[in-house]
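The block underneath contains the structure these notes are about, expressed in structure tokens.
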Ligand code: AOF
Ligand code: ZN
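In the working numbering, the protein residues as written are 8 to 369.
Printed below as a string of structure tokens:
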């Protein structure tokens, strides 16, 4: 099925989990649902060194079959009987009927003998699949490779757990943290490689937010584009925060994702509204007023700091005063990773220590 060659044999359950994680990564990083992969292993016969993969699948986005159901369908399409198999899944099988039916029950109905899953499902309705399987006599082993599985679904997991989107704040500054010169010139501080990276990030998030001030001053399109200017298939929701109206000629009214104008300055209200729209990952792109309000409310989970090796000495900074007057009052973030982008650098910092977990979201 799909774009990847089928695995036919794997050494053992850990190798099957490697495969399930690789399959999960084929799903979209954006959207309301998590990226999940599933591998069905035939029972180990005496003397075999490897186990046969009889079916595998991954989730391709909201409304399409879940990974477990996709793997069962793959097995049947290949003429394989899923009875007695071990289901190796990157997320606990769901226990609810949402856009599709409950996977825990689908695995039971198929006669699967045991389940190994990485992450627990934190959803109030969707969780509990492991208990349901155990109650019906199917052993469930939770927990291997949680960090990797989480790296694939960080924003979704955060949103389901906390009831608000995961927020990435993008900053593009000089070495001394400035975003414009005194005369207001601000394009371009970072170079093409940094901009290409930022566009690739846009293509993985659900929504991008800017203030009306930034929208009026810069007239951004807020679309995700490849370096040749082509719009990518997925276009995030474009969110403008603030009271002033945008002219009808604004590029935000042009082609791209849906435009949502929120006439508020309350960042909690912004995130509530986006959460009800199933936005899992919000990218905040400016200006400094919105960045500052989000930081003051402790609503930023990750900063993408693009830093250009130039100095201005004066001019506006990326963030306005945060009310911090002494060093010990400044929260210290964790460096998740550091990357060179042409002449510039990208530092990804997070509020919690995820520096040892891989991350395939961006
Ligand atoms: C997925 N894909 O492979 C698994 C999921 O609205 P629904 O019916 O698509 O259900 C989405 C929820 O199901 C999701 O939030 C998660 O809790 C659970 N498991 N979801 O999209 C999958 N296994
Ligand atoms: Zn499911």
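Heads up, the beta-carbon is just placed ideally off N, CA and C, and yes, glycines get one too.
Whether residue i touches residue j by CB criterion (9 Å)
i	j	result
residue 315	residue 196	yes
residue 125	residue 169	no
residue 47	residue 119	yes
residue 393	residue 329	Any answer about residue 393 is impossible in this case: the structure gives the chain only from 8 up to 369.
residue 156	residue 31	yes
residue 104	residue 312	no
residue 211	residue 352	no
residue 42	residue 54	no
residue 23	residue 95	yes
residue 222	residue 253	yes
residue 145	residue 115	yes
residue 294	residue 337	no
residue 28	residue 159	yes
residue 350	residue 200	yes
Own chain, CB closer than 8 Å to residue i, minus 5 neighbours either side, in chain order
i	result
residue 129	164, 167, 168
residue 18	56, 57, 58
residue 306	171, 174, 274, 275, 278
residue 72	64, 66, 80, 107
residue 16	57, 58, 59, 60
Cβ distance (whole Å) where residue i is taken to contact residue j below 8 Å
i	j	result
residue 247	residue 259	7 Å
residue 136	residue 111	4 Å
residue 151	residue 21	7 Å
residue 213	residue 288	5 Å
residue 186	residue 283	Not really, about 31 Å apart at Cβ, beyond 8 Å.
residue 7	residue 308	As shown, the chain starts at 8 and ends at 369. That puts residue 7 outside it, with no answer to give.
residue 69	residue 87	Residue 69 to residue 87, Cβ: 28 Å. No contact.
residue 342	residue 334	That belief does not hold up - the Cβ atoms of residue 342 and residue 334 are roughly 18 Å apart, past 8 Å.
residue 50	residue 91	5 Å
Neighbourhood of residue i by C-beta, 6 Å cutoff - its chain only, sequence neighbours within 5 removed
i	result
residue 204	348
residue 219	247, 249, 251
residue 64	45, 74, 77, 78, 81
residue 14	26, 60
residue 132	103
residue 241	37, 210
residue 346	353
residue 238	230, 232
residue 117	79, 89
residue 344	355
residue 264	242, 243, 244, 245
residue 9	The pLDDT assigned to residue 9 is 48, lower than 50, so where the model puts this residue is not dependable; a value taken from the coordinates is nonetheless given after this. The answer is none, since no qualifying residue turns up.
residue 93	48, 121
residue 206	231, 232
Cβ neighbours of residue i in the same chain (closer than 7 Å, five flanking residues each side left out)
i	result
residue 215	209, 229, 243, 245, 246, 290, 292
residue 270	250
residue 321	189
residue 299	326, 327, 329
residue 184	324, 325
residue 257	222, 226
residue 301	174, 176, 274, 291, 307
Three-state secondary structure assigned by DSSP to residue i
i	result
residue 62	strand
residue 420	Nothing about residue 420 can be reported from this structure: the residues present for the chain run from 8 to 369 only.
residue 292	strand
residue 175	strand
residue 169	helix
residue 98	strand
residue 44	strand
residue 351	strand
residue 149	strand
residue 121	strand
residue 277	helix
residue 232	strand
residue 310	strand
residue 73	coil
residue 216	strand
residue 329	coil
residue 185	strand
residue 11	coil
residue 180	strand
residue 20	helix
residue 32	coil
residue 103	coil
residue 208	helix
residue 92	coil
residue 53	coil
residue 112	helix
residue 245	strand
residue 299	helix
residue 79	helix
Any chain E beta carbon closer than 9 Å to residue i
i	result
residue 184	Included in the structure is just one protein chain, with no chain E present.
Practice problem: Could you please go through the chain and list the residues whose beta-carbon is closer than 5 Å to any non-hydrogen atom of the ligand ZN? | Solution: 73, 101, 110
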